[in-house]
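Reviewing the structure listed below.
Protein chains: 2
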Amino acid sequence: MHQDYFEHDVIVVGGGHSGSEAAAAAANMGADTLLITMKLADIGQMSCNPAIGGIGKGHIAREIDALGGIMGKATDRAGIQFRMLNKSKGPAVWGPRAQCGRRAYARAIRQELEAIDNLKMRSDMVKEILTDDAGETVTGVRTNLGKEFRAPCVVLTTGTFSNGVIHVGEQNFGGGRIGESASHGITGCLHDLGFESGRLKTGTPPRVDGRSIDYSVMEKQPGDPDATAFSFLTDDLPSVEAQLSCWLTDTTPETHEVLRTGFDRSPMFTGALDADGPRYCPSIEDKIDRFSEKDHHQLFIEPEGRDTHEVYVNGFSSSLPEEVQFEALRTVPGMEEAHMHRPGYAIEYDFFPPYQIEYSLETKYVDGLFFAGQINGTTGYEEAAAQGIMAGINAVQKLRQADPIVLKRSEAYIGVLIDDLVAKGTDEPYRMFTSRAEHRILLRQDNADQRLTELGHKLGLASKERLDRTREKERAIDVTRETLSDTTVSPQQVDDYLQSVGTSTLNQPRPVIELCKRPEVDSEDLLRHAGLYDEVVTEAPGMLSAPRLIEIDLKYEGYIDRQKDMVEEMEEKERWPIPDDFDYHALDNISIEARQKLSKVEPDNLGQASRVPGVRASDISVLMVLLKNEG
Amino acid sequence: MHQDYFEHDVIVVGGGHSGSEAAAAAANMGADTLLITMKLADIGQMSCNPAIGGIGKGHIAREIDALGGIMGKATDRAGIQFRMLNKSKGPAVWGPRAQCGRRAYARAIRQELEAIDNLKMRSDMVKEILTDDAGETVTGVRTNLGKEFRAPCVVLTTGTFSNGVIHVGEQNFGGGRIGESASHGITGCLHDLGFESGRLKTGTPPRVDGRSIDYSVMEKQPGDPDATAFSFLTDDLPSVEAQLSCWLTDTTPETHEVLRTGFDRSPMFTGALDADGPRYCPSIEDKIDRFSEKDHHQLFIEPEGRDTHEVYVNGFSSSLPEEVQFEALRTVPGMEEAHMHRPGYAIEYDFFPPYQIEYSLETKYVDGLFFAGQINGTTGYEEAAAQGIMAGINAVQKLRQADPIVLKRSEAYIGVLIDDLVAKGTDEPYRMFTSRAEHRILLRQDNADQRLTELGHKLGLASKERLDRTREKERAIDVTRETLSDTTVSPQQVDDYLQSVGTSTLNQPRPVIELCKRPEVDSEDLLRHAGLYDEVVTEAPGMLSAPRLIEIDLKYEGYIDRQKDMVEEMEEKERWPIPDDFDYHALDNISIEARQKLSKVEPDNLGQASRVPGVRASDISVLMVLLKNEG
Ligand SMILES: Cc1cc2nc3c(=O)[nH]c(=O)nc-3n(C[C@H](O)[C@H](O)[C@H](O)COP(=O)(O)OP(=O)(O)OC[C@H]3O[C@@H](n4cnc5c(N)ncnc54)[C@H](O)[C@@H]3O)c2cc1C
Ligand SMILES: Cc1cc2nc3c(=O)[nH]c(=O)nc-3n(C[C@H](O)[C@H](O)[C@H](O)COP(=O)(O)OP(=O)(O)OC[C@H]3O[C@@H](n4cnc5c(N)ncnc54)[C@H](O)[C@@H]3O)c2cc1C
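Here the protein sequences come in this chain order: A and B. Residue 721 is where the first sequence ends in my numbering, and the numbering goes up by one at each step. Residue 721 is where the second sequence ends in my numbering, and the numbering goes up by one at each step.
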């Protein structure tokens with residue numbers, strides 16, 4: 091028997107966003123990796139919105155790239171429109187977003203994966219997780235084709251497919267996405283191994299034939315001239331002219347009226363579907379129900395690719411009966427003649443509440459078994475991919491008998507995400523927001539490489555080229571910053587410019603760097619205006635210039651220092667480990683709620699304990715005293 | 091209610107090769123057409139070999155194009171290697187073949203469909219065929235989403251999906267293709283309407299990671315410098331250098347030995363799968379079983395696209411247990427390290443024996459319901475597409491209350507295909523061969539446009555541009571031929587050339603046209619050599635020059651005339667209609683077999699009756715006398 095076909099170091103189950111990153115990371119780190127997914131042609135398929143990034147999510151995508159992941163490169167290749175969201179706010183919360191060709195994105199992911207040497211693929215459905223007799227250590231998987239594939243590490247990323255049920259009005263049927271089968275077997279098998287599962291739901295809007303839309307009554311939303319790429323390796327993007335536009339329109343009171351006629355047949359309202367859905371991605375019926383005072387909601391009409399006229403009606407997610415969706419859609423300005431390719435629908439699926447995983451994403455009950463992506467209760471491609479890359483990394487760390495890599499909340503949104511999941515759990519699909527990151531001023535999308543690429547490289551994941559670019563960027567920033575401190579400008583050189591942006595003029599020469607701190611000043615413009623740009627700037631690789639990068643730091647200087655103090659305080663707490671067998675029930679001077687929650691979550695240290703919902707500052711103080719006495 | 095969403099002129103069920111052509115034809119002819127298929131992203135998916143054309147099949151593909159279909163254009167766009175097969179034989183049986191990018195082909199088909207104005211699409215599964223209360227006239231379909239779509243004509247093209255069951259070794263499970271669900275419901279519904287169904291099977295080889303193959307020990311098979319395009323609208327193809335190569339290798343005695351170890355677990359040999367399969371596309375186990383004296387079989391390693399390393403192992407179709415396939419594959423030179431993406435498998439599915447359809451492809455039992463493609467018992471993309479285009483045409487003819495379009499056996503391979511199906515039926519998957527066409531000398535791939543484009547245009551299907559090109563081609567042939575007849579060449583002009591190709595030299599000037607008839611002579615070369623080319627040739631649009639086209643006619647002149655006589659004789663018979671209610675059982679002077687077969691098939695005329703298997707010439711004579719007396 092040729093063992094190399096049936097035996098691997100790491101098996102990744104599922105070729106969605108999570109599985110693709112997991113497989114890429116494990117294989118790039120040198121593990122002989124097998125990716126098993128239902129259909130190879132569906133690798134990297136976007137289940138819903140054909141877009142990557144946005145606020146919070148864009149940060150994650152940049153972090154995945156900084157570590158050496160594939161999402162960013164695929165996005166840059168498949169992007170048809172690039173924007174930077176939240177530009178009116180501070181740069182910490184700017185979020186890059188790319189509209190992607192759906193087909194192009196899947197193709198780009200497939201190509202990224204095919205370019206990795208020791209990554210093998212298999213088209214098949216996993217039916218069973220195999221373990222040793224005790225059910226304590228994973229040994230492999232059994233598939234629909236009846237074959238057993240063995241590996242000491244298995245990463246499970248089956249998304250919305252586990253016992254997926256699709257709902258449209260009163261109709262429902264099994265499916266993982268429309269037109270794709272659900273997958274069965276795994277949940278039962280995990281129950282036998284001691285896991286608990288829950289149900290969640292999510293929804294998607296109708297797809298529409300773009301030829302049937304009247305764009306002339308909609309507002310055009312073109313790409314953004316100063317959008318940046320997703321990958322730190324990308325040097326340019328298609329010009330705004332070469333990008334496609336999205337279109338804005340609104341629902342009307344009539345739309346809402348029509349939608350309401352279907353409420354009595356909506357699975358959400360009849361109770362046919364009572365799993366929890368993503369509060370922040372509500373269906374249109376949820377929106378008109380919850381915000382009944384609003385007489386319109388904005389819709390984004392988004393192209394699905396350069397090679398198709400299909401469009402995505404962002405904001406119109408629904409599981410109302412099809413004829414209701416259809417009639418309602420036709421009351422939206424510009425959609426009077428719309429032809430739907432298919433209605434919106436809701437899907438409910440199994441997930442595994444994430445108190446059952448470690449920070450490494452390895453499960454607590456079965457050694458070598460990792461969970462990543464939507465099955466941990468998240469929603470979104472970026473959230474899934476982030477867990478995927480970390481699970482892939484930690485599977486290999488385990489093979490190497492090295493410590494798991496756990497990103498801190500102060501280091502990355504990915505750290506926030508995983509910490510939130512593990513420490514707080516979730517009872518609705520979890521998605522990232524910048525507000526979830528208390529250290530968000532440190533965690534900018536523009537500095538993800540400075541935060542993470544060195545680590546990625548040390549792990550054998552980020553390439554030498556990536557590391558070199560990061561170092562070169564850092565050097566460019568340092569050198570330029572020093573030059574800017576040493577350079578003064580005269581009133582003649584800059585007053586015109588200062589006046590034009592509405593800030594006070596100079597009465598004597600000043601160091602440039604001081605001017606760059608002023609909120610009104612755009613440092614690139616200032617330097618160009620003063621005729622100094624070429625002289626003082628050392629160019630940084632990538633899509634942001636050194637002055638732009640420095641300016642962000644300068645403007646945040648005060649906050650950043652304060653943040654760093656907070657981080658230290660928190661890290662102090664993280665350095666207080668809590669023993670594995672710590673008996674919270676024996677503590678009668680902490681609240682009952684804290685006792686219960688802490689027993690369930692089993693935090694590794696005081697920092698994590700402090701973030702478990704229901705645990706109060708007073709509980710933590712008690713714990714700290716106790717641990718001090720013990721330690 | 092907006093009726094335009096739920097009511098259409100023609101509904102096509104299934105977006106495979108047959109459904110795509112049917113929908114394109116109906117919509118291009120002006121019908122408001124709805125294409126319903128399980129998943130829009132799978133439109134135009136090649137289930138098996140990523141190639142179009144070949145001997146016989148290439149003819150069909152060209153005919154579909156000539157009529158105004160989409161297969162040829164998509165093939166030219168997606169082709170990665172073009173060849174002309176059978177070049178060593180006469181030009182009547184030359185067969186164009188293109189290796190295509192699997193993803194690129196599906197994308198090209200989707201784009202062709204999206205470019206058609208009144209074609210709408212829907213992603214959904216049809217569960218039920220709706221009829222009037224009497225079950226005699228189709229009224230629409232009901233889908234998985236519980237919706238009813240109405241149309242007076244419904245074309246059913248569900249391929250291998252109806253109750254599809256996939257087999258690999260002793261494993262089997264439902265599926266329409268691997269990773270795709272089977273479709274259920276339609277067969278039962280057709281049984282209720284009085285249809286009979288049968289089971290057929292087909293198989294596919296493993297997919298392999300091309301990076302794991304050692305091509306250095308294989309024979310390279312590059313593209314062909316004088317291959318022609320599939321569409322008569324295409325003017326050039328990528329250069330041979332820009333095309334990809336296929337690779338040849340062979341199974342070995344060891345391969346066969348390993349394969350035999352799995353015979354006791356093969357669904358073919360254990361009887362688990364006893365539907366009939368395509369005799370001419372046998373599985374590798376069939377081949378070594380039937381041809382046990384052969385110690386090797388040729389395998390073609392074919393690329394799946396420019397953007398993937400996946401390859402298709404043509405010739406290694408199998409449903410043996412996966413480990414047997416795997417070990418056997420690894421005994422093939424160059425495949426010692428091969429990694430399979432998935433094993434080969436066999437699939438069995440429902441089909442509807444085609445005595446239940448008319449020549450128009452409309453069913454005999456339900457008015458307005460058409461069957462096309464694999465569900466009529468054929469195999470192959472081209473065979474499916476051919477039926478699709480004819481069903482689409484005839485659905486619209488029906489709406490127009492016009493006569494159905496039935497191509498004659500002497501007019502097109504498509505005519506042969508449909509006549510064979512309807513008149514002879516099939517009990518194994520039917521595929522086209524040139525030998526099935528008794529008039530094959532008339533039915534060349536190079537003259538499909540001359541045979542069919544005028545008809546296509548008259549129907550409103552072939553574009554004006556297409557017709558103009560055909561007319562221009564015909565004119566170029568006529569003018570050039572006349573010039574060639576009027577031009578003489580001297581021995582000095584051509585003797586060198588004649589000698590070089592090994593035919594006798596001249597002793598006096600002769601008309602060029604005479605030389606062109608000689609089998610050794612390549613007319614283009616001759617004219618170039620004589621310095622006459624530019625002077626005597628009127629260029630034809632498309633990829634074949636006027637002299638090349640004329641030469642083919644010249645070389646076949648004798649045969650062509652004889653063929654034309656035969657055709658007339660046959661057509662004479664076709665002009666003898668047989669009344670609908672003709673009672674064959676009442677004839678006791680024809681054979682019992684003939685009585686039974688003819689009653690089942692109910693041929694429209696004497697010509698068709700003569701082709702029903704089991705009907706003898708003597709039976710036909712009796713019938714003719716009878717009809718003469720009656721008429
Ligand atoms: C209808 C719908 C609407 C959504 N709406 C939103 C939204 O509005 N906003 C948002 O942020 N996110 C939304 N999402 C969620 C987003 O698509 C997911 O969060 C993301 O795709 C999860 O990635 P994943 O890798 O975890 O799983 P998926 O992308 O679901 O990928 C799972 C993969 O695993 C494979 N697989 C499953 N089971 C098996 C098995 N047993 N064996 C082998 N392979 C298997 C599947 O074929 C698939 O390739 C929606 C998802 C769906 C389906
Ligand atoms: C495993 C396999 C091996 C094959 N091997 C060969 C070979 O070696 N040589 C050869 O010449 N041919 C082979 N074929 C056959 C070839 O693929 C088919 O002949 C050809 O694809 C038939 O085209 P079609 O349009 O009739 O059906 P298909 O291409 O099967 O398309 C059917 C379409 O209908 C859709 N559909 C099905 N049911 C429903 C429904 N209820 N509602 C809505 N949509 C529906 C499907 O999603 C699909 O899009 C093979 C096929 C398979 C599956």
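Idealized CB from N, CA, C, for every residue including glycine. Since the model is a prediction, treat every value here as computed from it, not as a measurement.
State the beta-bridge partners of B:Gln-171 as determined by DSSP.
Looking at the DSSP assignment, B:Gln-171 forms a beta bridge with B:Gln-189.
For B:Met-77: DSSP bridge partner residues
In the structure as shown, chain B starts at 91 and stops at 721, and residue 77 of chain B therefore has no counterpart that could be examined.
Please confirm whether A:Gly-134 has its beta-carbon closer than 8 Å to some beta-carbon of chain B.
For A:Gly-134, no CB of chain B lies under 8 Å from its own CB, so it is not counted at the interface with that chain.
Should A:Asp-325 be listed as close to ligand 1, given that the test is whether its C-beta is under 7 Å from any heavy atom?
Flag unset: Cβ of A:Asp-325 not near ligand 1.
Inter-residue Cα distance where the pair is B:Lys-210 and B:Leu-125
Straight across, the Cα-Cα distance linking B:Lys-210 with B:Leu-125 is about 6 Å.
Tell me which residues share the same chain as B:Met-790 and place their Cβ nearer than 8 Å to its Cβ, disregarding the 5 neighbours each side in the sequence.
Since the displayed chain B opens at 91 and closes at 721, residue 790 of chain B lies outside it and no answer follows.
Looking at the structure shown, is A:Val-702 part of a helix, part of a strand, or coil, going by DSSP?
In the structure shown, A:Val-702 adopts coil according to DSSP, grouped into three states.
Could you spell out where the alpha helix (DSSP H) holding A:Glu-400 opens and where it closes?
Here A:Glu-400 belongs to no alpha helix (DSSP H); instead the beta strand (DSSP E) covers 400-404.
Just to confirm my understanding: we take A:Thr-516, look at its own chain, exclude 5 residues before and 5 after, and list those with CB closer than 6 Å. What are they?
Within the same chain, Cβ atoms closer than 6 Å to the Cβ of A:Thr-516 are found at Gly-467, the five residues on either side in sequence being excluded.
Relative to chain B, which residues along the stretch 255-287 of chain A have a C-beta separation below 8 Å, given in chain order?
The residues in question are Val-258, Gly-259, Glu-260, Gln-261, Phe-263, Ile-268, Gly-269, Glu-270, Ser-271.
For chain A, find out if any of its Cβ atoms is closer than 8 Å to the Cβ of B:His-429; answer yes or no.
Taking 8 Å as the threshold, the shortest C-beta distance from B:His-429 to chain A falls below it.
Contact set between B:Gly-236 and chain A, taken where Cβ atoms lie within less than 9 Å:
Ordered by position in chain A, the residues that pass the 9 Å Cβ test against B:Gly-236 are Val-258, Gly-259, Glu-260, Gln-261, Pro-411, Glu-412.
Answer with yes or no whether the minimum CB distance from A:Leu-334 to chain B is below 8 Å.
Taking CB atoms only, A:Leu-334 has no neighbour in chain B less than 8 Å away.
List the DSSP bridge partners of B:Glu-472.
None; B:Glu-472 has no bridge partner.
State the DSSP-derived secondary structure class of B:Asn-695, mapped to helix, strand or coil.
Under the three-state reduction of DSSP output, B:Asn-695 falls in the strand class.
Three or more C-beta pairs under 8 Å: does that hold for the stretch 285-297 of chain B against the stretch 430-442 of chain B?
Output reads yes: the stretch 430-442 of chain B touches the stretch 285-297 of chain B.
Taking the alpha helix (DSSP H) that A:Gly-648 falls in, what are its first and last residues?
According to the DSSP assignment, A:Gly-648 belongs to the alpha helix (DSSP H) that extends over 636-664.
Selected residue, minimal CA-CA separation from B:Leu-644, among B:Asn-679, B:Glu-625, B:Trp-666, B:Arg-608:
Nearest to B:Leu-644 by alpha-carbon distance, out of B:Asn-679, B:Glu-625, B:Trp-666, B:Arg-608, is B:Arg-608.
Local conformation of B:Gln-457 per DSSP, three classes:
Sequence inspection shows Asp at residue 457 of chain B; the Gln mentioned does not correspond to that position. DSSP, reduced to helix, strand and coil, places B:Asp-457 within a strand of the structure shown.
Put A:Leu-124 into one of helix, strand or coil per three-state DSSP.
A:Leu-124: strand per DSSP, three-state reduction.
Considering only their Cβ atoms, is the gap separating B:Gly-105 from B:Ile-133 smaller than 8 Å?
Result yes, Cβ atoms of B:Ile-133 and B:Gly-105 sit closer than 8 Å.
Where do the ends of the alpha helix (DSSP H) carrying B:Arg-618 lie?
In this chain, the alpha helix (DSSP H) harbouring B:Arg-618 covers 613-619.
Can you name the start and end residues of the beta strand (DSSP E) that A:Thr-233 belongs to?
That run of the beta strand (DSSP E) goes 228-233.
Contacts around B:Ile-567, its chain only, beta-carbon distance under 7 Å, and the 5 residues preceding and following it disregarded
Here the set comprises Ala-630, Ala-636, Leu-639, Ile-640.
Quick check on A:Gly-288: does DSSP put it in helix, strand or coil?
In this structure, DSSP gives A:Gly-288 an extended state, which the three-state scheme calls strand.
Specify whether the stretch 413-425 of chain B and the stretch 341-359 of chain B touch according to this definition: at least 3 beta carbon pairs, one from each stretch, less than 8 Å apart.
A contact exists between the stretch 413-425 of chain B and the stretch 341-359 of chain B.
In terms of residue numbering, what span does the beta strand (DSSP E) encompassing B:Met-211 cover?
Residues 209-213.
Taking 8 Å as the cut-off, does the stretch 469-485 of chain A touch the stretch 228-240 of chain A (at least 3 CB pairs, one atom from each stretch)?
No, the stretch 228-240 of chain A does not touch the stretch 469-485 of chain A.
Minimum Cβ-Cβ distance from B:Tyr-402 to chain A less than 8 Å:
Closer than 8 Å: no.
Just grab the DSSP bridge partners of B:Ser-382 for me.
DSSP, once it has assigned bridges, lists no residue as partnering B:Ser-382.
To the nearest whole angstrom, what separates the beta carbons of B:Glu-564 and B:Gln-535, a pair I think is in contact under 8 Å?
Their Cβ separation, rounded to whole angstroms, is 17 Å, which puts B:Glu-564 and B:Gln-535 out of contact at 8 Å.
Reducing DSSP to helix, strand and coil, say where B:Thr-573 ends up.
DSSP, reduced to helix, strand and coil, places B:Thr-573 within a helical segment of the structure shown.
Inter-residue Cα distance where the pair is A:Phe-96 and A:Pro-242
Roughly 12 Å between the two C-alpha positions.
Residues in its own chain within less than 7 Å of A:Val-657 by CB, not counting five upstream and five downstream?
If we look at A:Val-657 and ignore the five residues flanking it on each side, its Cβ neighbours are Ser-500, His-529.
The alpha helix (DSSP H) that contains B:Tyr-587, what's its start and end?
B:Tyr-587 -> alpha helix (DSSP H) spans 581-590.
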